[in-house]
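Protein chains: 2
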Amino acid sequence: MKSIPIILLGCGGVGRQLLHHIISCRSLHSKQGIVIRVVGVSDSSSLLVSDDIMLSGMRDEFLAEICRAKSAGSPLKSLLNHGHCQLYTGQDALENIVSIASSLGRSTGLAVVDCSASAETIGLLEQVSSLGCCVVLANKKPLTCGIDDFEKLVSHFRRIRFESTVGAGLPVIASVTRVISSGDPISRIVGTLSGTLGYVMSELEEGKAFSEIVRAAKSLGYTEPDPRDDLSGMDVARKGLILSRLLGWRINLSDIKIESLYPSEFGPNSMSTEDFLSKGLSQLDVKLKERVATASSKGNVLRYVCVIEDSRCNVGLRELPKDSALGRLRGGDNVVEIYSRCYKNSPLVIQGAGAGNDTTAAGVLADIIDLQDLFA
Amino acid sequence: MKSIPIILLGCGGVGRQLLHHIISCRSLHSKQGIVIRVVGVSDSSSLLVSDDIMLSGMRDEFLAEICRAKSAGSPLKSLLNHGHCQLYTGQDALENIVSIASSLGRSTGLAVVDCSASAETIGLLEQVSSLGCCVVLANKKPLTCGIDDFEKLVSHFRRIRFESTVGAGLPVIASVTRVISSGDPISRIVGTLSGTLGYVMSELEEGKAFSEIVRAAKSLGYTEPDPRDDLSGMDVARKGLILSRLLGWRINLSDIKIESLYPSEFGPNSMSTEDFLSKGLSQLDVKLKERVATASSKGNVLRYVCVIEDSRCNVGLRELPKDSALGRLRGGDNVVEIYSRCYKNSPLVIQGAGAGNDTTAAGVLADIIDLQDLFA
Ligand SMILES: NC(=O)c1ccc[n+]([C@@H]2O[C@H](COP(=O)([O-])OP(=O)(O)OC[C@H]3O[C@@H](n4cnc5c(N)ncnc54)[C@H](OP(=O)(O)O)[C@@H]3O)[C@@H](O)[C@H]2O)c1
Ligand SMILES: NC(=O)c1ccc[n+]([C@@H]2O[C@H](COP(=O)([O-])OP(=O)(O)OC[C@H]3O[C@@H](n4cnc5c(N)ncnc54)[C@H](OP(=O)(O)O)[C@@H]3O)[C@@H](O)[C@H]2O)c1
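Just so you know, the sequences run in chain order A and B. For the first sequence, UniProt numbering assigns the number 1 to the initial residue and increments by one for each residue that follows. For the second sequence, UniProt numbering assigns the number 1 to the initial residue and increments by one for each residue that follows.
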């Protein structure tokens, strides 16, 4: 039996779903000769570490209890007396992870799994990676920092996986990596990489008003708490940056041309979320209606896409033929088209649900399992 | 620098393209810290083994010479005096491979790469696998033999790769494997898995006669020398069997319901290829025209598909909605739809060129590179 010890950073929607998946896959994985041992779990305020790092890690009942407590809004520290574990906070927590990493890194191995939404984990991830550990991310931020930090983080390329950062569980990163390593040079990637914006564009096409669509999407839980986090295009730009860097481009977020769906006067620095929803949004209706109509008059549809080509990554609205893979798209699915020597006239297309805790966590789990050959 | 020694079985269209890719990727792979050493190459009659197994393997100039000779129709044995190598034939060749496998298998590692079209390599592949070596296949036959042999062959699942057997270089096997290992149970796979039959169905939809289409496809080089090898559906059934077995089903080729596009009276045992092309084919025109018309009258199109569902794999013609992913397909692209818990209402779709020496060999090369963590 091969044992994969992990420390989970972040225990929100994705992190908890990952713990559930790990528990429910126990017998599947054991048939494959693998056991995932959760030795530590952190949230924004503290880290719980199992007393039993070298053996079984946290028991499944305790992991389930962590999920229940976190989804009820309690912090991890409320669980200190429930499992056989220690609690660390602040600098102590970081030092503890590094100490586990140095003891396990070069012996049995350790994977640090970042399901947080924090930009601050990067230093820790770099450190554990340099200690021989593996890193798996659903969190895009450490991969979209400055290029030097990015390169340091991915310098042990076989020990890092980040499938779920683009298209959730869709095999986008894995496919791009395969195409590159087969010597088939990628000339262009075009994708709709936001389920939320995909939904918005489909609904616009149906003739609905932008403001109504966004308000409905928010109430359906399709958007971030502040829908401007989706409408700014920043999340799509981060995904585009990750793909561009995967192609070997040394670019930064600031090199990406990003078209926001709202003007800067309506931004979070000038307007509250409430004001944006009640007053700002409806002022954008006419302009977007016009753009949809202009596209339609040419037989095209409007899509919010990321285009990676000729050393440039652009993110924004594009008119696309109705009958192209991206033009046909309805609803929240993501589509990625990859053009290369082998896929020249007709691209390699990957399509499917590109968001959601279930598929994101499934992608993280597949990444962990895919690291198995690096574990003792 | 990590060294991956390989022995290549088969030096036809795919095998030669693989050697070309290996040569042209030298600098790419060396940046990744990998060098692929070709220590042996075989064709149907003999095996050439480098004198320099432990160091560099065959020189690139010699590999290029092998490609030139084989594409000019010369057998490998004509090259004996050109490289620093030995020639083996028959049982000697097999024994030599096994002896290399036992010396390298547990030390530096060895990958045996099957780009032959032979059903006879399976015994050898099983043997080298049991000696700790890796196996990579473009050849479907060893994976579509009896279930016991299949299970023996894939029993070291991390040491075998066979992406190119389904959809050529398209990441179908890799994606199915990822979905399974993330504990997301696959309920259904539907795919068009033959570029030739995709082309035929598109052309039928345009109103052309079946006989004309097949003759044109043959003269364009889209079909096997005997087009019945495509029209029988057997190749699609082999791909379906590989996918079904990947789902853990213990089934055999004989369990698959296969609809042939010609009746058995027109089969190779009753009719020569020439007679089939000149006389047999045109007798099938009316029936196929009718089936296309029936489908069309319901707003559907006719596709030759593989459906894997409820423990059954069926291969044949199906009427599908015009605006489904498979219905929209034009030309020779392959499409695979994967339905699972995460991809329930809207499947995970993978689409692109599913045949051709370039993409098939690229898929084989990506498989070899993906094995790197198993090499010293
Ligand atoms: N959900 C999706 O569809 C999806 C898809 C692709 C990628 N992602 C990415 O996956 C990540 C997680 O998403 P989510 O939806 O689970 O977010 P979430 O529900 O907001 O959870 C974030 C978790 O991270 C914790 N956290 C914050 N800062 C931390 C730190 N410095 N160290 C450790 N933990 C920290 C939070 O702690 P508290 O509990 O104390 O607040 C919380 O538990 C995000 O980066 C997101 O962008 C999500
Ligand atoms: N081309 C594609 O698009 C594609 C796509 C997916 C999968 N594939 C599969 O890839 C494989 C190779 O295809 P191909 O187009 O390259 O076929 P090919 O051109 O017919 O070449 C087959 C090669 O295998 C050799 N061979 C036959 N029996 C052998 C044996 N027992 N041991 C070692 N070598 C043997 C042949 O030797 P001789 O040179 O002496 O005849 C020839 O060099 C086939 O299994 C095919 O189904 C092809």
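Note that the Cβ used here is the ideal one computed from N, Cα and C, for glycine as well.
Positions of the beta strand (DSSP E) runs, each at least 3 residues long and wholly inside the stretch 164-242 of chain B, are given as 186-192 in order along the chain. Judged by their CB atoms, L170/B and I350/B are nearer to each other than the 8 Å cut-off. From the listed residues V176/A, Y343/A, I308/A, A295/A, the smallest Cα separation to P321/A is found for A295/A. Contact between L18/A and D43/A does not hold, since the beta-carbon distance rounds to 14 Å and is not under 8 Å.
Short note on E309/B: C-beta not closer than 7 Å to any heavy atom of ligand 1. Within chain B, no residue has its CB atom less than 7 Å from the CB of R238/A, the nearest being about 22 Å off.
In this structure the stretch 17-31 of chain B touches the stretch 61-71 of chain B; the number of beta carbon pairs closer than 8 Å is three or more.
The three-state reading of DSSP puts G280/A in helix, counting H, G and I together.
Rounded to the nearest whole angstrom, the C-alpha separation of L317/A and L302/A is 6 Å.
Q17/B is outside the set of residues whose beta carbon lies under 8 Å from a beta carbon in chain A. Three or more beta-carbon pairs drawn from the stretch 23-35 of chain A and the stretch 169-184 of chain B are found closer than 8 Å, and the two stretches are therefore classed as touching. Note on V113/B: 16 or more other CB atoms within 10 angstroms of its CB, so buried under the neighbour-count rule. As for any alpha helix (DSSP H) of minimum length 4 sitting wholly inside the stretch 315-339 of chain B, the runs are 325-328, ordered along the chain.
For P171/B, the closest Cβ of chain A is nearer than 8 Å. Fewer than three Cβ pairs drawn from the stretch 143-155 of chain B and the stretch 339-347 of chain B lie within less than 8 Å of each other, which leaves the two stretches out of contact.
Counted as a single uninterrupted DSSP element, the alpha helix (DSSP H) harbouring D367/A occupies residues 357-370.
Pairwise C-beta distances place the stretch 46-56 of chain A out of contact with the stretch 147-159 of chain A, as fewer than three of them are shorter than 8 Å. Secondary structure of P347/A (DSSP, three-state): coil. Between the alpha carbons of P268/B and G15/A lies a gap of roughly 58 Å.
In this structure, ligand 2 has no non-hydrogen atom nearer than 7 Å to the beta-carbon of V49/B.
In this structure, the beta-carbon distance from V190/B to L329/B does not fall below 8 Å. Interface residue (Cβ-Cβ distance to chain B less than 8 Å): C133/A is not classified as such.
Shortest gap from the CB of P75/B to any heavy atom of ligand 1: 7 Å or more. Interface residue (Cβ-Cβ distance to chain B less than 8 Å): G352/A is classified as such. Within the DSSP secondary-structure output, N300/B pairs in a beta bridge with P321/B.
With respect to G332/A, G221/A sits apart: the two C-beta atoms are not nearer than 8 Å.
For the stretch 171-198 of chain A, residues whose beta-carbon sits nearer than 7 Å to a beta-carbon of chain B comprise P171, A174, S175, R178, S181, S182, G183, D184. Judged by DSSP in its simplified three-state form, K2/A adopts strand. Take the alpha-carbon of G233/B and the one of E120/A: they are about 55 Å apart.
At least one beta carbon of chain B lies nearer than 8 Å to the beta carbon of H21/A. In this structure, the beta-carbon distance from V236/A to L284/A does not fall below 8 Å. The closest heavy atom of ligand 1 lies 7 Å or more from the beta carbon of G198/A.
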